[in-house]
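Asker: Attaching a single structure in structure tokens format; questions to follow.
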């Protein structure tokens, strides 16, 4: 498993046409160094008014790539956490014990809650769904230490996120089945939250349809950065068929990572993935696909 990069210190800098923060890593692994070396010719060709490669957070620089990450089994794994949150939310809001456990992979929390309520003979009305969402957030906060103990970043995830954070014009967020508070806590548990702009993400409370979440994230990013994002500039990366189908629903580029449960590279290709990797461990190859 690749080691997580050292924490970055953020220093205010003048960046492009505005103000941003430069990230100064204390140490860089050879894999990241070689990947960035591969990308530097692209950076040198940019006009001098663009962001520098060290600009990590700048709202005025032009966005050329919006990278939308799935979380579970793509970036992290946290055995049993998803079911535990769902079970607690059901018990607290309805007094019913979770007996019929749904398959979680790639589904939105809204879809899972609707399925669980129906399976237990309950009316999946909007007020109850919203109460379930709220209780899942409470349950996640109560399990912060547990998530740190059982969760870990999948091989290559930290290196790829860190490398993309140094590339001018790249913004990273999430399109995930998790509700927003849970998404943030899961990534924070493995120190990956620092690379993600959660404000523009698409979350599992917002739709039953994964493709809707891609569209939401895309429109939020365009509005925040005052730009228009072409289909080719939006990259969705995930481990399930749902991720790939959602990307294609939005017209985005779909990159599959065959690290999910019960999902193979063949499944991802068949769903329409433009590129499929066995893992995120080859940093240079993943960056090349994202920036192609």
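In this note's numbering, the protein residues as written are 1050 to 1341.
We put the beta carbon where it would ideally sit given N, CA and C, even for glycine.
1) Under 8 Å, with one C-beta from each stretch per pair, do the stretch 1228-1243 and the stretch 1197-1213 reach the 3-pair mark?
2) Which class does residue 1249 belong to by DSSP, given the choice of helix, strand or coil?
3) Measure the Cβ-Cβ separation of residue 1279 and residue 1247 and say whether it is below 9 Å.
4) Looking at residue 1283 and the ligand SAM, is the gap between the Cβ and the nearest heavy atom below 8 Å?
5) Exposed or buried, residue 1137, counting other C-beta atoms within 10 Å across all chains shown (16 or more means buried)?
6) So, with DSSP's three-state summary, where would you put residue 1241?
7) Going by C-alpha distance, which of 1259, 1142, 1289 and 1211 is nearest residue 1326?
8) Can you name, in chain order, every residue of its own chain whose Cβ lies under 7 Å from the Cβ of residue 1253, other than the five neighbours on each side?
9) Rank 1119, 1183, 1331 and 1112 by C-alpha distance to the C-alpha of residue 1293 and give the top, closest one.
10) Just curious, the alpha helix (DSSP H) that residue 1130 is in, first and last residue?
11) Quick check on the burial criterion: 16 or more other C-beta atoms within 10 angstroms. Buried or exposed for residue 1311?
12) Identify the continuous alpha helix (DSSP H) that holds residue 1295 and give its terminal residues.
Answerer: Let me spell this out:
1) yes
2) helix
3) no
4) With respect to small molecules bound, the structure shown includes none, and the ligand SAM cannot be examined in it.
5) buried
6) coil
7) 1289
8) 1157, 1158, 1159, 1225, 1226, 1227 and 1228
9) 1119
10) 1130-1143
11) exposed
12) 1290-1299
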